[in-house]
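Visitor: Residue numbers (the numbering used here): 49 to 221.
(1) For residue 50, which residues from the same chain have a beta carbon less than 6 Å from its beta carbon, with the 5 sequence-adjacent residues on both sides left out?
(2) Rank 123, 169, 168 by C-alpha distance to the C-alpha of residue 160 and give the top, closest one.
(3) Kindly indicate which residue of 158, 99, 104 has the alpha-carbon position closest to the one of residue 69.
(4) I'd like the span of the beta strand (DSSP E) that includes residue 68, first residue to last.
(5) Less than 7 Å between C-beta atoms, sequence neighbours within five positions excluded: which residues of the same chain meet that for residue 291?
(6) Using the C-alpha atoms, what's the distance from residue 96 back to residue 189?
(7) Could you compute how far the alpha carbon of residue 213 sits from the alpha carbon of residue 115?
Here it is, written out as structure tokens:
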């Protein structure tokens, strides 16, 4: 992976919060923008249970190119594993949730979590996100999917516009 002249910006058009990361380009059509997350996942193994990467993305509607993908790898020296070709997803300008079992993906490719586990979002092409093209990314989360199911679930104060939900967890936070 490698890029040149690409641009990463922060736009107020976010799913939650104040800003979303946006991979855009300059006026040149040969720009590649990349955003890389490196996380210390060394305390996890594929036997730790589900480890899930989730994020929202929004395609700005540019033409599709080979680098328009998301990859993951167990460490900064491992080979990249493609997990999403966002050029093959529904073209729209609405937020889409993507979710992947990292433990299963890495295990299936003979890789393991490490102190330098990485996720790479990539986008190729010119044009500014607000007008044409670009890829916005928001609410990136790597989570331990071993959350215990709630018990003693109770709904109260039910009205036509609201409800209070309460439950007891069977695990520890």
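C-beta: ideal position from N, C-alpha, C; glycine also.
Guide: Looking at the coordinates:
(1) Note that residue 50 scores 47 on pLDDT, short of 50, meaning its location in the model is unreliable; the coordinates nonetheless yield the value given after this. Within the same chain, residue 50 has no close Cβ partners at all.
(2) 123
(3) In terms of Cα proximity to residue 69, the closest of 158, 99, 104 is 104.
(4) 68 to 72
(5) For residue 291 there is no data in the structure shown, the boundaries of the chain being 49 and 221.
(6) 17 Å
(7) 44 Å
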